[in-house]
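Novice: First to last, the sequence lines map onto chains E and G. The first sequence begins at 55 in the working numbering and counts up one residue at a time. The second sequence begins at -11 in the working numbering and counts up one residue at a time. Built from N, CA and C at the ideal position, the CB exists for glycine as well. The model shown is predicted, which means the values in this text are computed figures rather than measured ones. So that we are looking at the same thing, I have put the structure below in structure tokens.
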Amino acid sequence: MKHKSFYMLGVLVLVFSMLLAACAPGGGGEVVPTATKAPVEPTKVPEPTATKEMAAEPTKAPAEPTATSAPLYEGIKLEAPDCEYGGNVKSIEALDEFNVKVTLCNPDPAFLVKIAVPAFAIFDADYIAEIGGDAAKLADNPVGTGPYVVQEWVRGDHITFAPNPNYWGEAPKNTFILKWNKEAAARLLDLQAGNVNGIVEVTADDVPTIQADPSLTLYPRLINTFLYLGINNTKPPFDNQVVRQAFAMAVDKQRIVDDFYAPGSVAATQFVPPGVKPGFTDGYQGTTYDPVKAKQMLEGAGFDFNQEYVLSYAERTRPYFPQPTKIAQAVQAQLAEIGIKIKLEMEEWATYLPAVRAGEKALFFLGWSEDYPDATNWYDVFLTGSSPSFGNAFPEIVERIQKAARLADPVERQKIYDEVNKLYDELVPTIVIAHGTTALAFQASVKNVVLGPYNENFQQMETENGTLVYSQDGEPVSLYCSDETDGSSFRACLQIFDTLYNFKFGSAETQPALAEKCSANTEGTEWTCTLKQDVKFSNGASLDANDVVTSWGTMWDYNHPLRKGNTGVFQYWKDFFGPSALNEPPAQ
Amino acid sequence: MLQFLVRRLLLMFPVLMGILLVTFTITRLVKGSPCYVMLGERATQQACDNFNQRYGLDKSLPEQFVRYMGNIAQGDFGISIKDRRPITTIIAERLPMTFELTILAMLFASTFGVLLGVISALNRNSLIDSLTMVGANMGVSMPVFWLGLLLAYFFALVLKGTPFQLPPSSRLSAGMSLVPLAKIWGLEDLSGVRAFLVALISNSAILNGILTRNFELVFDALKHLILPATAVGTISLSVIARMTRSSLLDVLDQDYIRAARAKGLPYRRVISHHALRNALIPIVTIIGIQTGSLLGGAVLTETIFSLPGVGSRMVEAILGRDYPVVQGFSVVIASVFVLSNLLVDASYAYLDPRIRLK
């Protein structure tokens, strides 16, 4: 009886608190972050004043109505008060209807490749204003300039893309259906059964099956990735440079690549993959596998072979980490060959990544897939001390990287990166193990398949029935790619949105897309882009410069009224032109 | 009887409150951050601080709980952290798939499970009995993801090109789609519970096809459900078969069965009208429990066959720390489980008049 009363009392308290919260003012809804600074007001281009010639014309009452002049274009300009806010963009301005100028605080030779990334998609400014920049509303009716429009998105199952009747380029040759399945074995089964025409991320184990099947074709895709063994140099014994060097020598990278990676993958000889130029030093071999010498160095450094060292990783398949547990076990075994005791600690991604970022792990596996083909997407991300993951940054490396990032001349940049690559081997901030590639597979009946490191030419592929079905490894999170970071979302976005520049199919080269041309001033601090004219969004609206200013402005300015998105972080802008967004509150 | 049902329905309320409290607390106490899951390798402390502030995750747990419960009282289950969509919308999308899979799986499991159990009981200690029980043990022992892949491989690849080929994954064939019923019925302005119910019906491929007389859609949906329903129903079938055998054997030893036989009733009638009916109580209990657990989402089956059901979304939400989805789905799953148990309890009164009188 007592327990029953206590129970009922608990329920009453809960109900009372619910009612209290429901009736309290502001008792629900999303918490809106408070702005710390006044938002940057968009300024309009001023109207021209009357000229002397006009004033000199005699004024008469017109016998017939005269044609009125077309209204002047009201271009938007967004400008930061200075360059001290922590980012590299000073202003974005619509010079006129079809010209946009981006002014940078420092030169950025990678500007064109950065804006080719799907996160820099151009939206219809009026439509974004209509939906308040909300990614959920955008997903219900995405409006873009891309080759396709979304016909339907059956959540959890597929997205159907139909050709965009307003597309400015060559009309797609098919209806495109994007599906997903997390399991590689299930994707292969779908392909073999004819349920889909193509699949992503073929595992190394499935490669022989596909190659033996005449109805299927394997397409290796050369993307730039790396898997690294991260080392926190503040945690003993890894604060000792000799220990780090010895660990680098004790890992047989070639054996790992041969055993676990898809064809086309290579063992790392230096920090960046061979495809990164400037960056990769031709002919430089870096640290080679030498377990005997590694052991001698460890003994000389007083390394404690009796202690067990924890090596952490997350069981999460990525292009750079195709078989996490097996690779971790292989490295553990290799280190054990010279007497190093390694304990593997597998964690869930949601707990692993914050712990790594907070610098809690001494040894850990992580990796990277390239966003754009430039050395700044490698060296600047990992070696400038932006994260406590690796402990202390190395000033001699940081200084060189920051200098190279600002140079336009690739030859001069390469000289600096040659020095960095050598310093990297000497100081060992991390141990890069493999540069993995991926492979895709299609039915042999699919024609005209062209794959590049950053895209697939779905709109040009030809199938017998005019419908192309492709299975990737996850459902897109949203279609507001300015605020997404996952490849699954980007693949969908590429079908319905465009950027000013994009990557040619089958290549890492950029080409103009929505822009006719973008050119820089001699200092490299101002980029002026001229838009293609007569480009229409799928809702019939015309593309103009304000669309570019608004699309990028929402990413740039933390206080932009239309900055809502999905996560609200717009991380790619911060990664490429940051580290901070304009008006962004500092870390707590 | 009515009093019983009303009392049980009222008792659901504190059960759901308790589940909400427990789920809310546990999800937030478990380590990990939704920001890091969403941003991946790009996550930074600054980005995550702002992210947490946006979603109110920087507030204290009690404050978050009170705010959440206040929203629940207004019928607002919140939005998904992953894609900012209302939880009720996501539930309306996922639940029909799970219902369809569960109903088909349990139809398969109940029909064949009871049949095999009866055959086994009536041929006790014979070869048929042994084979049936060995089969039942195998069914219970086989991992569902292995069985699922095996079935998919056999019916999709081995039987490819034959009339027996079945699709190995997805809910519908490419090109098939569901008609939004709210749109064609002019009910787009509906809100609240009615809008939710219309969405539930609309998102059920089978109901949608029947209501729009698109029988090709119905057939396609059923075809896609055969393999997953068989895979997930096999375990239930085995359990039901064993329970049926055991329960029927108990009843067959009773005096009234002997009396019925002595009176000269046909053996078939004795089994169907006297023995089986009395043996049904524990069988119905098992069917109810199995149905309830399947309605909670057959995660492995949904993953293998790429079906957009409750289970796969729930697991995704747990791994992604999508707290509103975990909480909302927990309430739904609990409600469904409680309701299915209630139905089972109510069926006792129909099956056993003695229970009715009590």
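Using CA atoms only, rank isn't needed, just tell me which of 201(G), 225(G) and 43(G) is closest to residue 279(G).
Specialist: The count along the second sequence starts at 1 and reaches residue 279(G) at position 291. Out of 201(G), 225(G) and 43(G), 225(G) has the C-alpha closest to the C-alpha of residue 279(G).
Novice: Could you tell me which residues DSSP puts in a beta bridge with residue 397(E)?
Specialist: Counting from 1 along the first sequence, the entry for residue 397(E) is found at position 343. Residue 397(E) pairs with 364(E).
Novice: When you compare the CB positions of residue 322(E) and residue 280(E), do they come within less than 8 Å of one another, or not?
Specialist: Along the first sequence, read from residue 1 onward, the residue named residue 322(E) stands at position 268. Along the first sequence, read from residue 1 onward, the residue named residue 280(E) stands at position 226. Yes, these two residues count as a Cβ contact at 8 Å.
Novice: For residue 112(G), count neighbouring C-beta atoms within 10 Å of its own C-beta (all shown protein chains included) and say buried if the count is 16 or more, exposed if not.
Specialist: The residue you call residue 112(G) lines up with position 124 of the second sequence. When all chains shown are included, residue 112(G) counts as exposed.
Novice: Short of 8 Å Cβ to Cβ, which residues in the region 21 to 32 of chain G face chain E?
Specialist: Cβ contacts with chain E: 21, 22, 23, 24, 25, 26, 27, 28, 29, 30, 31 and 32.
Novice: May I ask you to verify whether the region 240 to 253 of chain G touches the region 294 to 303 of chain G, counting CB pairs closer than 8 Å and requiring at least 3?
Specialist: The region 240 to 253 of chain G, when compared against the region 294 to 303 of chain G, does not touch it at the 8 Å Cβ threshold.
Novice: State the beta-bridge partners of residue 148(E) as determined by DSSP.
Specialist: Reading the first sequence from its first residue, position 94 is the one you call residue 148(E). 154(E), per the DSSP bridge assignment.
Novice: If you reduce the DSSP assignment to three classes, tell me which class residue 133(E) lands in.
Specialist: Here residue 133(E) refers to the residue found at position 79 when the first sequence is read from its first residue. Of the three classes helix, strand and coil, the one that applies to residue 133(E) here is strand, per DSSP.
Novice: Does the Cβ-Cβ distance between residue 164(E) and residue 33(G) come in under 8 Å?
Specialist: If you number the first sequence from 1, residue 164(E) lands on position 110. If you number the second sequence from 1, residue 33(G) lands on position 45. Not closer than 8 Å, so no.
Novice: Are residue 328(G) and residue 276(G) closer than 8 Å when you measure CB to CB?
Specialist: In the second sequence, counting from the first residue as 1, residue 328(G) sits at position 340. In the second sequence, counting from the first residue as 1, residue 276(G) sits at position 288. Cβ atoms of residue 328(G) and residue 276(G): closer than 8 Å.
Novice: Counting only Cβ-Cβ distances shorter than 9 Å, please list the residues of the region 400 to 430 of chain E near chain G, keeping chain order.
Specialist: So the close ones are 402, 403, 404, 405, 406, 407, 408, 409, 411, 412, 420, 421, 422 and 423.
Novice: Buried or exposed: where does residue 319(E) fall if 16 or more other Cβ atoms within 10 Å of its Cβ makes it buried?
Specialist: Locating residue 319(E) in the first sequence gives position 265, where the first residue counts as 1. Counting Cβ neighbours within 10 Å, residue 319(E) comes out buried, since at least 16 surround it.
Novice: Is there a C-beta anywhere in chain G that falls below 8 Å from the one on residue 623(E)?
Specialist: Residue numbering aside, residue 623(E) sits at position 569 when the first sequence is read from its first letter. Yes, residue 623(E) lies at the interface with chain G (some Cβ there is under 8 Å from its Cβ).
Novice: Which residue's Cα is closest to the Cα of residue 494(E): 273(E), 599(E) and 612(E)?
Specialist: For the purposes of this step, residue 494(E) is taken as the residue at position 440 of the first sequence. Minimum Cα distance to residue 494(E) is reached at 273(E).
Novice: Can you pull the chain G residues whose beta carbon is under 8 Å from the beta carbon of residue 608(E), in chain order?
Specialist: As a working mapping, residue 608(E) is identified with position 554 in the first sequence. In chain order: nothing, as chain G lies at least about 15 Å away.
Novice: Touch check for the region 361 to 372 of chain E and the region 294 to 305 of chain E: three-plus C-beta pairs under 8 Å?
Specialist: Taking 8 Å as the limit for Cβ pairs, the verdict is that the region 294 to 305 of chain E does not touch the region 361 to 372 of chain E.
Novice: Between the C-alpha atoms of residue 211(E) and residue 334(G), what's the straight-line distance to the nearest angstrom?
Specialist: Position 157 of the first sequence, counted from the start, is the residue given in the question as residue 211(E). Position 346 of the second sequence, counted from the start, is the residue given in the question as residue 334(G). Taking the straight line from one Cα to the other gives about 36 Å.
Novice: Hey, out of 196(G), 217(G), 201(G) and 180(G), whose CA is closest to residue 62(G)'s CA?
Specialist: Numbered from its first residue, the second sequence carries residue 62(G) at position 74. Nearest option by C-alpha distance: 180(G).
Novice: Grouping DSSP H, G and I as helix and E and B as strand, with all else coil, what is residue 174(E)?
Specialist: Counting from 1 along the first sequence, the entry for residue 174(E) is found at position 120. Three-state DSSP puts residue 174(E) in a helix.
Novice: Could I get the ranges of all uninterrupted alpha helix (DSSP H) runs contained in the region 238 to 291 of chain G, with 4 residues as the minimum, in chain order?
Specialist: Listed in chain order, the complete alpha helix (DSSP H) runs (minimum 4 residues) inside the region 238 to 291 of chain G are 243 to 250 and 264 to 283.
Novice: In chain E, what lies closer than 9 Å to residue 155(G) by C-beta?
Specialist: Numbered from its first residue, the second sequence carries residue 155(G) at position 167. Residues of chain E passing the Cβ test: 244, 247 and 249.
Novice: Measuring only between beta-carbons, confirm whether residue 190(G) sits less than 8 Å from chain E.
Specialist: If you number the second sequence from 1, residue 190(G) lands on position 202. Not one chain E Cβ lies under 8 Å of residue 190(G).
Novice: Please classify residue 489(E): does DSSP put it in a helix, a strand, or coil?
Specialist: Stepping through the first sequence from its first residue, residue 489(E) is reached at position 435. Residue 489(E): strand per DSSP, three-state reduction.
Novice: Mind listing the chain G neighbours of residue 257(E)? Cutoff is C-beta to C-beta under 8 Å, in chain order.
Specialist: The sequence position of residue 257(E) within the first sequence is 203, counting from 1. The contacting residues do not exist; residue 257(E) stays about 15 Å from chain G at best.
Novice: Could you please give the first and the last residue of the uninterrupted alpha helix (DSSP H) stretch that includes residue 213(E)?
Specialist: Numbered from its first residue, the first sequence carries residue 213(E) at position 159. Unbroken run through residue 213(E) is the beta strand (DSSP E), 212 to 217; no alpha helix (DSSP H).
Novice: Pick out whichever of 197(E), 596(E), 289(E) and 368(E) has its Cα sitting closest to the Cα of residue 483(E).
Specialist: On the first sequence, position 429 is the one that residue 483(E) refers to. Among 197(E), 596(E), 289(E) and 368(E), the Cα nearest to that of residue 483(E) is on 289(E).
Novice: With DSSP as the reference, label residue 626(E) as helix, strand or coil.
Specialist: On the first sequence, residue 626(E) is found 572 positions in, with the first residue counted as 1. Looking at residue 626(E) - three-state DSSP - the assignment turns out to be helix.
Novice: In whole angstroms, what is the alpha-carbon distance linking residue 351(E) and residue 480(E)?
Specialist: Numbered from its first residue, the first sequence carries residue 351(E) at position 297. Numbered from its first residue, the first sequence carries residue 480(E) at position 426. For residue 351(E) and residue 480(E), the distance between alpha carbons rounds to 14 Å.
Novice: Quick check on the burial criterion: 16 or more other C-beta atoms within 10 angstroms. Buried or exposed for residue 246(E)?
Specialist: Here the question's residue 246(E) lines up with position 192 in the first sequence. When all chains shown are included, residue 246(E) counts as buried.
Novice: For residue 234(E), name the three-state secondary structure that DSSP assigns.
Specialist: Taking the first sequence and counting its residues from 1, the one referred to as residue 234(E) is at position 180. Note: residue 234(E) maps to strand in three-state DSSP.
Novice: Please list the terminal residues of the continuous beta strand (DSSP E) segment that includes residue 570(E).
Specialist: Numbered from its first residue, the first sequence carries residue 570(E) at position 516. Counting along the chain, the beta strand (DSSP E) containing residue 570(E) begins and ends at 569 to 574.
Novice: Go ahead and pull the three-state DSSP assignment for residue 96(E).
Specialist: For the purposes of this step, residue 96(E) is taken as residue 42 along the first sequence, with counting starting at 1. Because the pLDDT at residue 96(E) is just 33, under 50, the model does not fix this residue reliably, and the value given afterwards should be weighed accordingly. The answer is coil: DSSP assigns residue 96(E) none of H, G, I, E or B.
Novice: List the residues of chain G that residue 267(E) touches, going by C-beta distances under 8 Å, in chain order.
Specialist: Taking the first sequence and counting its residues from 1, one reaches residue 267(E) at position 213. Residues of chain G passing the Cβ test: none, with the nearest at roughly 11 Å.
Novice: Is the beta carbon of residue 609(E) sitting closer than 8 Å to the one on residue 542(E)?
Specialist: Looking up residue 609(E) in the first sequence gives position 555. Looking up residue 542(E) in the first sequence gives position 488. Contact: no.
Novice: Name the two residues that bound the continuous alpha helix (DSSP H) containing residue 471(E).
Specialist: As a position in the first sequence, residue 471(E) is number 417, starting the count at 1. Residue 471(E) -> alpha helix (DSSP H) spans 464 to 481.
Novice: So is residue 171(G) in contact with chain E if we call contact Cβ pairs under 8 Å?
Specialist: Here residue 171(G) is taken as the residue at index 183 of the second sequence, counted from 1. So no, residue 171(G) is outside the interface.
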